[in-house]
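Trainee: Under my numbering, think of the first position of the sequence shown as 5, with each following residue one higher. Cβ coordinates follow ideal geometry from the N, Cα and C atoms, glycine included. Quick caveat, the model's predicted, so the values are computed rather than measured.
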Amino acid sequence: MIRLLTHTKLRFENAEQLFQGLKEEDSEAISYLHRKVWGKISQMGKSQMLSNENIEELINDSIVFLLLKIRKGEYLNNGNHPAIYVIKVATYKLMEYKRLQRKHQSVELETNLKDTEDETQKISEVRDRIEELQLLLTQLGQNCANLLRLTHIEGYKDEEIIQQSLTQYSTIATLKNKRSQCMKRLIELATQNSTKSKT
Numbered sequence: 005m006i007r008l009l010t011h012t013k014l015r016f017e018n019a020e021q022l023f024q025g026l027k028e029e030d031s032e033a034i035s036y037l038h039r040k041v042w043g044k045i046s047q048m049g050k051s052q053m054l055s056n057e058n059i060e061e062l063i064n065d066s067i068v069f070l071l072l073k074i075r076k077g078e079y080l081n082n083g084n085h086p087a088i089y090v091i092k093v094a095t096y097k098l099m100e101y102k103r104l105q106r107k108h109q110s111v112e113l114e115t116n117l118k119d120t121e122d123e124t125q126k127i128s129e130v131r132d133r134i135e136e137l138q139l140l141l142t143q144l145g146q147n148c149a150n151l152l153r154l155t156h157i158e159g160y161k162d163e164e165i166i167q168q169s170l171t172q173y174s175t176i177a178t179l180k181n182k183r184s185q186c187m188k189r190l191i192e193l194a195t196q197n198s199t200k201s202k203t
C-alpha cells in the first residue's frame, strides 16, 4: 500500500501530469487530488465549525466542479497545480455557505475567481451544470439521483428537504452523510464512463 501511494504521488506530483490524469478522469488522479486538498480545505472547514461530513461534501463538490470544467473545456491548464483551483472553489463555496447560514435564504453563487493566468473568471452556478450532472445522475440509483437533484439542481436546503419529507431521510445528519456517499459515487461513475468511451 505504501509503495502504491508513493508511485501515485510520483506519477501526479507534476501539475501537467495531474491535469492530464484528471482530463482522462483517472481514478488515481482524482484520489491524489483529494488527498492533496484535504488538509487545507479541512482546516478551512473546521475554522467555520463545519462537521467532518460537511467538510467531505465540500471537498467532493469542489472536485466535481473542476472535473466538469475540464470536461467542458472551460479549465485551461498553464502549469499551475489543479489543487490551487479546487481550493479556490472550496473557498467561495464556503463563503456562500456562510451567507446562507447568516441570511437564512437562498443566495446565488456568483463571484469572481482568478484563473491560472491571473485573468478573472466567474464561478458558474451549480445550475449551469445541469446538462453534465443530468447525464451522470441518470446512471445513479434513484435514491442518490433524487437527493443530488434536490440539492444541486432544484436548490433545496437540507432543512426544507427534511421538513417536506422529500426523501426517506428524517435527520439532516443522515441526509448529509448519504449525499456525501452519493457524491463519491458520482465521481466513480464519471471515471467509469471515461474508461468505457475509450474502449
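Would you mind sorting residue 39 into buried or exposed? The rule is 16 or more other CB atoms within 10 Å of its CB.
Mentor: Label assigned to residue 39: exposed.
Trainee: Give me the Cβ distance between residue 140 and residue 177, rounded to the nearest whole Å; I'm assuming they're in contact under 8 Å.
Mentor: The Cβ separation is near 25 Å, so there is no contact.
Trainee: Please classify residue 187: is it buried, with 16 or more other beta-carbons within 10 angstroms of its beta-carbon, or exposed?
Mentor: Buried.
Trainee: What's the C-alpha gap between residue 144 and residue 190?
Mentor: Answer to the nearest angstrom: the Cα atoms are 7 Å apart.
Trainee: Assign residue 82 to buried or exposed, taking buried as 16 or more other Cβ atoms, counted over all protein chains shown, within 10 Å of its Cβ.
Mentor: Classification of residue 82: exposed, given that the 10 Å Cβ count is below 16.
Trainee: Identify the continuous alpha helix (DSSP H) that holds residue 75 and give its terminal residues.
Mentor: Segment 56–76, the alpha helix (DSSP H) holding residue 75.
Trainee: Taking the alpha-carbon positions, what's the residue 122 to residue 57 distance?
Mentor: Note that residue 122 has pLDDT 45, beneath the 50 cutoff, so the model's placement of it is unreliable and the number below is only indicative. Approximately 33 Å between the Cα atoms of the pair.
Trainee: Closest to residue 100 by C-alpha separation, out of 75, 70 and 52, would be which residue?
Mentor: Minimum Cα distance to residue 100 is reached at 52.
Trainee: Three-state secondary structure (DSSP) at residue 194?
Mentor: Of the three classes helix, strand and coil, the one that applies to residue 194 here is helix, per DSSP.
Trainee: Kindly indicate the opening and closing residues of the alpha helix (DSSP H) around residue 162.
Mentor: Per DSSP, residue 162 belongs to the alpha helix (DSSP H) from 162–167.
Trainee: Between the beta-carbon of residue 59 and the beta-carbon of residue 34, is there less than 8 Å?
Mentor: For residue 59 and residue 34, no; Cβs fall outside 8 Å.
Trainee: Give the straight-line distance between the Cα atoms of residue 185 and residue 171, rounded to the nearest whole angstrom.
Mentor: Straight-line Cα distance between these residues: approximately 15 Å.
Trainee: In whole angstroms, what is the alpha-carbon distance linking residue 46 and residue 37?
Mentor: So the two alpha carbons sit approximately 14 Å from each other.
Trainee: At which residue ranges does the region 19–51 contain complete alpha helix (DSSP H) runs of 4 or more residues, listed in the order of the chain?
Mentor: Qualifying alpha helix (DSSP H) stretches, in chain order: 19–27 and 31–51.
Trainee: Quick one: is residue 175 buried, meaning 16 or more other Cβ sit within 10 Å of its Cβ, or exposed?
Mentor: So residue 175 ends up on the exposed side.
Trainee: Buried or exposed for residue 17, going by 16 or more other Cβ atoms inside 10 Å?
Mentor: With fewer than 16 Cβ atoms within 10 Å of its Cβ, residue 17 is classed as exposed.
Trainee: Tell me whether the beta-carbon of residue 74 lies closer than 8 Å to the beta-carbon of residue 41.
Mentor: Contact flag unset, no.
Trainee: Compute the minimum distance between the beta carbon of residue 46 and the heavy atoms of the ligand ADP, and state whether it is under 7 Å.
Mentor: The model depicted lacks the ligand ADP and carries no ligand whatsoever.
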